[in-house]
Amino acid sequence: MVRIGIIGGTGVYDPKILKDISEEHIRTDYGNIRVTVGKHNGIPVAFLPRHGEDHTIPPHRVNYRGNIMALRKLGVERILATGAVGSLNLKMNPGEFVLVDQFIDFTKNRPHTFFEDGEKGVVHIDMTEPYCREFRKIVATAAATLEIPLKTRGTYICTEGPRFETPAEIKMYSLLGGHLVGMTGVPEVVLAREAEMCYVTVAMITNFAAGISPKPLTHTEVLEAMGRSNDNLRKLIMRVIEMIPEGRNCECQNSIEELGSLGQGRFLS
Numbered sequence: 000m001v002r003i004g005i006i007g008g009t010g011v012y013d014p015k016i017l018k019d020i021s022e023e024h025i026r027t028d029y030g031n032i033r034v035t036v037g038k039h040n041g042i043p044v045a046f047l048p049r050h051g052e053d054h055t056i057p058p059h060r061v062n063y064r065g066n067i068m069a070l071r072k073l074g075v076e077r078i079l080a081t082g083a084v085g086s087l088n089l090k091m092n093p094g095e096f097v098l099v100d101q102f103i104d105f106t107k108n109r110p111h112t113f114f115e116d117g118e119k120g121v122v123h124i125d126m127t128e129p130y131c132r133e134f135r136k137i138v139a140t141a142a143a144t145l146e147i148p149l150k151t152r153g154t155y156i157c158t159e160g161p162r163f164e165t166p167a168e169i170k171m172y173s174l175l176g177g178h179l180v181g182m183t184g185v186p187e188v189v190l191a192r193e194a195e196m197c198y199v200t201v202a203m204i205t206n207f208a209a210g211i212s213p214k215p216l217t218h219t220e221v222l223e224a225m226g227r228s229n230d231n232l233r234k235l236i237m238r239v240i241e242m243i244p245e246g247r248n249c250e251c252q253n254s255i256e257e258l259g260s261l262g263q264g265r266f267l268s
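Pasting the structure below:
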């Protein structure tokens, strides 16, 4: 069974870190999802490129529910998500990695839940600690063993996209306590919690955000910065895979069950 899933964001489309690769086509309630499955050191791993293999899916059109459901059906219990972000903080520089610990949602038109109607009812999932505490510790330890600099806290602002933000928006996000801005972290993190999966985000800073950056932002700039960071990212992903224990001792696995009667429509039950 595949228990570990990697969701690759902008610039992170390299399942070649795995061996014995096969393509799985998973049928979900939200469409058919193609997932690459392979092994690292004999450990089964699923890899899913968030924007498609050719980066043709914009952030607001990503099939977030289909992606999470497909990984869950494969048996995935933990998801390591990566994503390119802009920095709102001069102490967080391009080229650095951040282990996100909170988010603020500014998306507008995306489905945010599996529990919309029917027998599953309505679920108000707890997001006090959006990212799995146990899994975050594993990632932080892995980075330390590799001597890869990793900031262990950062508030992620998620915008609708696909456009970049205005300087006025960035100023507002900064005043609200945001450190990073991206377009894909939500609803992915919420859906993973509804699916009772452990989820962490390693954000890769590719640029300073609009108004902070001295020059206009381009997608080419983002991809070039990602290319410079990819080697360390691959090393970090492989080390994390090696360090993940078989069992889970966190609350993520019982996030729906703890809701009592509301949990009767448990995900994939």
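Residue 127 in numbering that gives the first Met the number 0 sits at position 128 of the sequence shown, and the numbers go up by one each step.
For glycine and all other residues, C-beta sits at the position ideal for the given N, C-alpha and C.
Since the structure is predicted, the reported quantities are computational estimates derived from the model, not experimental observations.
Are the beta-carbon atoms of residue i and residue j separated by less than 8 Å?
i: residue 180; j: residue 208; result: yes
i: residue 152; j: residue 197; result: no
i: residue 58; j: residue 148; result: no
i: residue 1; j: residue 36; result: yes
i: residue 347; j: residue 155; result: What is shown of the chain runs 0 to 268, which leaves residue 347 out entirely.
i: residue 79; j: residue 66; result: no
In whole angstroms, what separates the C-alpha of residue i from that of residue j?
i: residue 174; j: residue 103; result: 12 Å
i: residue 183; j: residue 62; result: 11 Å
i: residue 51; j: residue 141; result: 27 Å
i: residue 134; j: residue 245; result: 12 Å
i: residue 16; j: residue 230; result: 11 Å
i: residue 26; j: residue 89; result: 44 Å
i: residue 233; j: residue 116; result: 40 Å
i: residue 43; j: residue 92; result: 34 Å
i: residue 210; j: residue 81; result: 25 Å
i: residue 241; j: residue 157; result: 30 Å
i: residue 170; j: residue 163; result: 14 Å
i: residue 185; j: residue 19; result: 32 Å
Within 10 Å of its beta-carbon, does residue i have 16 or more other beta-carbons around it, so buried, or fewer, so exposed?
i: residue 254; result: buried
i: residue 123; result: exposed
i: residue 100; result: buried
i: residue 24; result: exposed
i: residue 68; result: buried
i: residue 64; result: buried
i: residue 192; result: buried
If contacts are defined as beta-carbon pairs under 8 Å, then residue i and residue j qualify, I think. What distance do you get, rounded to the angstrom?
i: residue 98; j: residue 238; result: Contact flag wrong, Cβ pair sits at about 14 Å.
i: residue 190; j: residue 113; result: 7 Å
i: residue 178; j: residue 87; result: 6 Å
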